Amino acid sequence: MAAAEPKSPAAAGAAAARRLARGCWSAFWDYETPKVIVVKNRRLGIVYRTVQLLILLYFVCPHRYVFIVQKSYQDSETGPESSVITKVKGLTLSEHKVWDVEEYVKPPEGGSVFSIITRIEVTSFQTLGTCAESMRVRNATCDSDEDCVAGQLDMLGNGLRTGRCVPYYHGPSKTCEVSGWCPVEDGASVSQFLGKMAPNFTILIKNSIHYPKFQFSKGNIENRKDGYLRHCTFHEVSDLYCPIFKLGYIVEQAGENFTELAHTGGVIGVIINWDCDLDLSASMCNPKYSFRRLDPKHIPASSGYNFRFAKYYRINGSSTRTLIKAYGIRIDVIVHGQGSFLCDWILLTFMNKNKVYSHKKFDKMVDAPGGGAGPGLCASEPSQQDCTLTDARGLAQL
1 MAAAEPKSPA
11 AAGAAAARRL
21 ARGCWSAFWD
31 YETPKVIVVK
41 NRRLGIVYRT
51 VQLLILLYFV
61 CPHRYVFIVQ
71 KSYQDSETGP
81 ESSVITKVKG
91 LTLSEHKVWD
101 VEEYVKPPEG
111 GSVFSIITRI
121 EVTSFQTLGT
131 CAESMRVRNA
141 TCDSDEDCVA
151 GQLDMLGNGL
161 RTGRCVPYYH
171 GPSKTCEVSG
181 WCPVEDGASV
191 SQFLGKMAPN
201 FTILIKNSIH
211 YPKFQFSKGN
221 IENRKDGYLR
231 HCTFHEVSDL
241 YCPIFKLGYI
251 VEQAGENFTE
261 LAHTGGVIGV
271 IINWDCDLDL
281 SASMCNPKYS
291 FRRLDPKHIP
301 ASSGYNFRFA
311 KYYRINGSST
321 RTLIKAYGIR
331 IDVIVHGQGS
341 FLCDWILLTF
351 MNKNKVYSHK
361 KFDKMVDAPG
371 GGAGPGLCAS
381 EPSQQDCTLT
391 DARGLAQL
């Protein structure tokens, strides 16, 4: 019998290429899975767990600030839904009258932003007519009628210019005459100080917050029925849930001088911070108050706070008004907060019922030959444990 002829190099190479191609194609439909062997050996188990602990410490220790201090294992929600209702009480005196809340609080609705008037400049008995323009208005001073243009309207002035140059209210100066509410503010205003008793005004700040993501709500008022709010004032330790603040206390905590602020006006922020760890009891979620001045007092052009309003009436059939330029302390109540709660990683890893939670959170499906339902695959029978909506263990065990 003749010996088989050896294959040529080209034929051998082609055969190798075909084997390689079959191996590559088989990788698309073959599936490999590691086999796990549990060895019941105490010494080997201790070594294994020790290595696991060292690896865990390696990751936790360098990042302990993020993991432990900042609690990055928690889910959080910032910007809670919030409502603020305010109410001011107190009386004060000026040189001419007694002032009550209805007169010195603007606006009266009791919202999160309001002003308490502490000084006013009053221009009484203004009527519609002609009078000298204020010297504060640009190009208002004059020497003759030629310096005044009839019909000119300065948007920062007090009326329409008539074209005449008239004596000012006091002194030798002259200004252009205007048609409008006369006399103008600078010519006849009288200053009155209301801040003598203002430090004792009390301000109730009722605040409630809601974290919709965690369905958590809380308010800043003590739930008592003994008339507690009628006689308490805020104290950070003993009366945290009595949100009644004296105006003088708020200004002092903001680091301001009350008399100076009452004369020039200013804006004070009352910041309420609800930074709550909702893993703890609701009693541990408490408001924290802070106070600071919001307007830039060191910049004269933009410091202070004032506004104008008028009271109208008729005298002998003529329209008359009292113009009031009010200086005051504006209070802005600002609410911040963050609620944090355990994330799924903690529940799936460390909780005693983590297997129950995992069973409810994940559906396990396994393919079986012929496309049927294999072990763990949701089939048509509602009795299979992985397909039922509830089971004997249930979420109630959590």
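Read left to right, the sequence shown gives residues 1 to 398 (my numbering). For every residue, glycine included, the Cβ atom is placed at its ideal position computed from N, Cα and C. As the structure is a prediction and not an experimental result, all values here were calculated from the model.
{"query": "The region 162-181 / the region 204-213 touching (three or more Cβ pairs under 8 angstroms)", "result": "no"}
{"query": "Whole-angstrom C-beta distance between residue 213 and residue 77, which should lie under 8 angstroms", "result": "4 angstroms"}
{"query": "Cα-Cα separation between residue 229 and residue 123, rounded to whole angstroms", "result": "40 angstroms"}
{"query": "Same chain only: Cβ atoms within 6 angstroms of residue 233, ignoring 5 sequence neighbours per side", "result": "244"}
{"query": "Cβ-based burial, residue 107 [other Cβ within 10 Å; buried from 16]", "result": "exposed"}
{"query": "Residues of its chain near residue 183, where Cβ-Cβ distance is below 6 angstroms and the 5 sequence neighbours each way are ignored", "result": "131"}
{"query": "With 16 other Cβ atoms within 10 Å as the buried cut-off, status of residue 140", "result": "buried"}
{"query": "Unbroken alpha helix (DSSP H) run spanning residue 252, endpoints", "result": "247-253"}
{"query": "Own chain partners of residue 186 with C-beta closer than 8 angstroms, once the 5 adjacent residues on each side are dropped", "result": "134, 135, 136, 169"}
{"query": "contact_flag[the region 80-95, the region 303-314] where n(CB pairs < 8 angstroms) is 3 or more", "result": "no"}
{"query": "Ranges of the alpha helix (DSSP H) found wholly within the region 295-349, counting only runs of at least 4", "result": "344-349"}
{"query": "Three-state secondary structure (DSSP) of residue 244", "result": "strand"}
{"query": "Limits of the alpha helix (DSSP H) - the one that residue 127 falls within", "result": "Unbroken run through residue 127 is the beta strand (DSSP E), 113-132; no alpha helix (DSSP H)."}
{"query": "Beta bridge counterpart(s) of residue 160 as assigned by DSSP", "result": "153, 179"}
{"query": "Cutoff 7 angstroms; reference residue 125; Cβ partners in own chain excluding five residues on either side", "result": "320"}
{"query": "Coil, strand or helix - residue 95 by DSSP", "result": "coil"}
{"query": "Simplified DSSP assignment, three categories, for residue 143", "result": "coil"}
{"query": "Residue 101, enclosing alpha helix (DSSP H) - first and last residue", "result": "101-104"}
{"query": "Classification of residue 344 by the beta-carbon crowding that lies within 10 angstroms, buried from 16 upward", "result": "For residue 344, the pLDDT reaches just 49, beneath the cut-off of 50, and the residue's location in the model is therefore unreliable, although a value from the coordinates is still provided. Exposed, by the Cβ-count rule."}
{"query": "The region 209-224 contacting the region 142-162, beta-carbon criterion three pairs below 8 angstroms", "result": "no"}
{"query": "Spatial distance of residue 201 from residue 331 (CA atoms)", "result": "13 angstroms"}
{"query": "Residues that DSSP places opposite residue 166 in a beta bridge", "result": "175"}
{"query": "Terminal residues of the alpha helix (DSSP H) in which residue 261 lies", "result": "258-264"}
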